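Chemist:
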Amino acid sequence: KTRTPSRPAPPRPDMSIYFAEHQPVIPPKGTVVIKEVRGYVVSSKQAEEKAGGLADCHAQSEDHWITGARRPIATPISVYKRFKKNRKSWGIDAIGTMIVEVELTNGIIGHGVSIGGEPGCFIVERHLSRFLEGQDPHNVELMWDQMYKSTVNYGRKGLPIQAISAVDLAIWDCLGKLHKCPVYKLLGGMTKQSLPIYATTADPEKAKKMGFVGAKFPLPYGPGDGDEGMRRNIQLVKEFRQQVGPDFPLMIDCYMSLNLRYAQELARRIEPYNVKWIEECLQPCDYKGYTELRSTSTCLVTCGEHEYTRYGFRKLLEEKCADLLQPDVTWCGGITEARKIVNMAAAYDIPVIPHGSSVYSYHLQFAFPNCPMAELLIMSPEADEIVPYFGGLFTDEPLPKDGHLTLPDKPGFGVTLDKENLALKRPYPEREESKLTTSMKNLKLNLEVA
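Going by the numbering used here, the sequence shown opens with residue 1, and the numbers climb by one from there.
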């Protein structure tokens, strides 16, 4: 039989749905706009450690539990003996704190933080500032879109998104102060009277005694430690379960240190000990691996701490990678992007429990129903005392009591940067006037002439 040639597809109409060009968004005369954006770092690594790590929780002294000094902590690079003993040896704290300060023309100042150090400040001051200065702070979606699309050639994940996050948080802090209300009210108000808090710690028994609703601890050993390492992992899980009793929620943080087969075996062996979830077992981009792990594990599988933007989290949701998502609000894109992630997760009936982030995540979690509780890393060196997550960064960071946290009715994120006692420096104080500000002045002149 002769085959009938297929008909060519009919020509499609012009597919653009932009029927008219969008004009630049120019704030009306008299509008309070962003006057200046500034990026700060701490003067030295020693000053950062002395202040409790600030925005980088791993910037701690050598003997702090979070470095692996008290008990080994499995990491992606601990397969190499040279970098096994202490997490600081491979530079987990190398980049350091970045503080972004946004000032409005009426004098209001807001602050956002992330990990970014001087490279992050360079991105903020030399690149992102052109989209911010002269703009109405209410236009968060416009500014975020322009920042993201202008950095996509070198960004999408990692440092550029962390820089955008810090800027975005500073703008939301300004908005709350401008409207004289907490950020959570701008996001939709309260969905819970108080926020339950679980602890990430080296000592779950102490966390239980301090009133936390659950405890997560770092996995000590990974694939590079062989069968003996696996036996020691299981022995530690058994000991912790005996210490806290049969029903207190226990979780395990694997910090991207495992492969699929090891994670599956770990999940199988911890079945008798009622572990609530295993977290970040695999590399962040191993979506297929997470899907398979979740399909075989009898405990919950979580991830997302090192994922970025709605696009990364869409992949996690579409591939059914996790039972709950854990974006860090100071890394994933700030509040503007995090609220998209939370809403997207709600459509899949997936809860969101952000990693760390303190006040920046608390306001988000109060505002959305599918954020059931929050995490607090126990940042005292021996994990025996509740101290601020951000160390000495703020003078008034709220702390939980009896395992729950309430937020004060203070504008913005409700915290005050302790500038007097922080040795801050602005690495890039001199730069050209923002191109956005200049273009707006020119546009206003053109409109007046017309």
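Glycine included, C-beta positions come from ideal geometry on N, C-alpha and C. These numbers come from a predicted model, not from an experiment.
So what's residue 140 in DSSP terms, helix, strand or just coil?
Modeler: The answer is helix: DSSP assigns residue 140 an H, G or I state.
Chemist: My assumption, with CB atoms under 8 Å, is that residue 293 sits in contact with residue 338. Please give the rounded CB distance.
Modeler: Not really, about 25 Å apart at Cβ, beyond 8 Å.
Chemist: Give the DSSP-derived three-state secondary structure of residue 273 in the structure shown.
Modeler: It is helical.
Chemist: Would you say the beta carbon of residue 324 comes nearer than 6 Å to a heavy atom of the ligand HEM?
Modeler: The ligand HEM is not part of this structure, which contains no ligands at all.
Chemist: At 4 residues or longer, and completely inside the segment 288-376: list those alpha helix (DSSP H) runs for me, N to C.
Modeler: List check, alpha helix (DSSP H) in window: 309-318, 334-347 and 359-367.
Chemist: In whole angstroms, give me the CA-to-CA distance for residue 82 and residue 341.
Modeler: In a straight line, the C-alpha of residue 82 is about 38 Å away from that of residue 341.
Chemist: For residue 98, does the three-state DSSP call read helix, strand or coil?
Modeler: Strand at residue 98.
Chemist: Less than 7 Å between C-beta atoms, sequence neighbours within five positions excluded: which residues of the same chain meet that for residue 328?
Modeler: If we look at residue 328 and ignore the five residues flanking it on each side, its Cβ neighbours are 305, 354, 355, 356 and 357.
Chemist: For residue 413, report the span of its alpha helix (DSSP H) as first-last.
Modeler: Per DSSP, residue 413 belongs to no alpha helix (DSSP H) and is neither H nor E.
Chemist: Mapping DSSP to helix, strand and coil, what is residue 253?
Modeler: Correct three-state label for residue 253: strand.
Chemist: Give the secondary structure of residue 7 by DSSP, where H, G and I count as helix, E and B as strand, and everything else as coil.
Modeler: It is coil, neither helix nor strand.
Chemist: To the nearest angstrom, report how far apart residue 456 and residue 51 are at their CA atoms.
Modeler: In this structure the chain extends from 1 to 450, so residue 456 is not present and cannot be described.
Chemist: So, helix, strand or coil for residue 452, using DSSP?
Modeler: The shown model of the chain, from 1 to 450, leaves out residue 452, and the question about it has no answer.
Chemist: So what does residue 425 bridge to, in DSSP terms?
Modeler: Partner(s): 41.
Chemist: Since residue 401 is in the beta strand (DSSP E), which residue starts that stretch and which ends it?
Modeler: Run containing residue 401: none; DSSP gives neither H nor E here.
Chemist: Decide if the segment 120-134 is in contact with the segment 142-150; the criterion is three or more beta carbon pairs, one per stretch, under 8 Å apart.
Modeler: Contact between the segment 120-134 and the segment 142-150 is present, because at least three Cβ pairs lie under 8 Å.
Chemist: Tell me whether residue 285 is buried or exposed, calling it buried when 16 or more other Cβ atoms sit within 10 Å of its Cβ.
Modeler: Result: exposed.
Chemist: If you check the beta carbons only, do residue 321 and residue 287 fall under 7 Å apart?
Modeler: Result yes, Cβ atoms of residue 321 and residue 287 sit closer than 7 Å.
Chemist: Across the segment 200-208 and the segment 178-188, are there enough close Cβ pairs to call them in contact, namely three or more that are closer than 8 Å?
Modeler: Touching, no.
Chemist: Out of 430, 308 and 324, which has the shortest C-alpha to C-alpha gap to residue 160?
Modeler: Comparing Cα positions, the closest option is 308.
Chemist: Residue 87 and residue 105: beta carbons closer than 7 Å?
Modeler: Not a contact, by the Cβ cut-off of 7 Å.
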